[in-house]
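Chemist: Please see the structure below; I have some questions.
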Amino acid sequence: MLADFDHACGKIGLQLKLTKTMFMENRYVSDAPFSLNGTNIFECSSYVYLGREVNMTNDLSPELGRRKRAARGAFKSVEEVVRKTKNARLRAHLFDSTVLPALTYASESWALRKQDEHAICVA
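Given below as structure tokens:
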């Protein structure tokens with residue numbers, strides 16, 4: 001199947017980067033080694049796709065950790081301004097325009113459990 005995909009890609013000028021290509025195994029895949037054109041393709045337990053960390057168990061904990069780190073980084077970029085200003089509306093606007101988007105990026109696809117909701121609330 002992968003060879004067919006590689007062949008179809010070649011027809012339209014696309015080339016698979018076999019050094020970057022990985023696969024994620026589920027319970028329906030055998031433990032046989034995976035290779036294409038003599039190059040082994042390695043297995044991964046999770047990957048980032050369109051800005052969201054995906055794993056086979058659909059565990060959101062790693063993704064929520066990434067989002068919290070991104071929100072902290074976004075806050076760091078405006079922290080000095082927030083500390084210096086006394087205007088509450090400006091502070092709220094800075095938070096709403098920088099921190100919240102970083103925290104909630106790709107959240108439309110999250111299926112949150114109660115513990116996940118709590119983890120975000122105390123972020």
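The UniProt record's numbering applies: residue 1 is where the sequence shown begins, and numbers increase by one. Even glycine gets a Cβ: it sits at the ideal position worked out from N, Cα and C.
Could you give the distance in angstroms between the alpha-carbon of R113 and the alpha-carbon of K76?
Modeler: As a working note, residue 113 is residue 113 in the sequence shown. As a working note, residue 76 is residue 76 in the sequence shown. Answer to the nearest angstrom: the Cα atoms are 28 Å apart.
Chemist: Under 8 Å: do the stretch 82-93 and the stretch 52-60 share three or more Cβ pairs, one atom per stretch?
Modeler: No, the stretch 82-93 is not in contact with the stretch 52-60.
Chemist: Looking at K68: is its Cβ nearer than 8 Å to the Cβ of L100?
Modeler: Counting from one through the sequence shown, the residue named residue 68 turns up at place 68. Counting from one through the sequence shown, the residue named residue 100 turns up at place 100. No, the pair does not count as a contact, with Cβ atoms beyond the cut-off.
Chemist: Pick out whichever of E108, L64 and A70 has its Cα sitting closest to the Cα of residue 127.
Modeler: No answer is possible for residue 127: the residues shown for the chain start at 1 and end at 123.
Chemist: Nearest to S61 by alpha carbon, out of R72, A74, S46 and G73?
Modeler: Within the sequence shown, residue 61 is the residue found at index 61, counting from 1. Residue S46 is the option with its Cα nearest to S61.
Chemist: Please classify A71 as buried or exposed, where buried requires at least 16 other C-beta atoms within 10 Å of its C-beta.
Modeler: The count along the sequence shown starts at 1 and reaches residue 71 at position 71. Result: buried.
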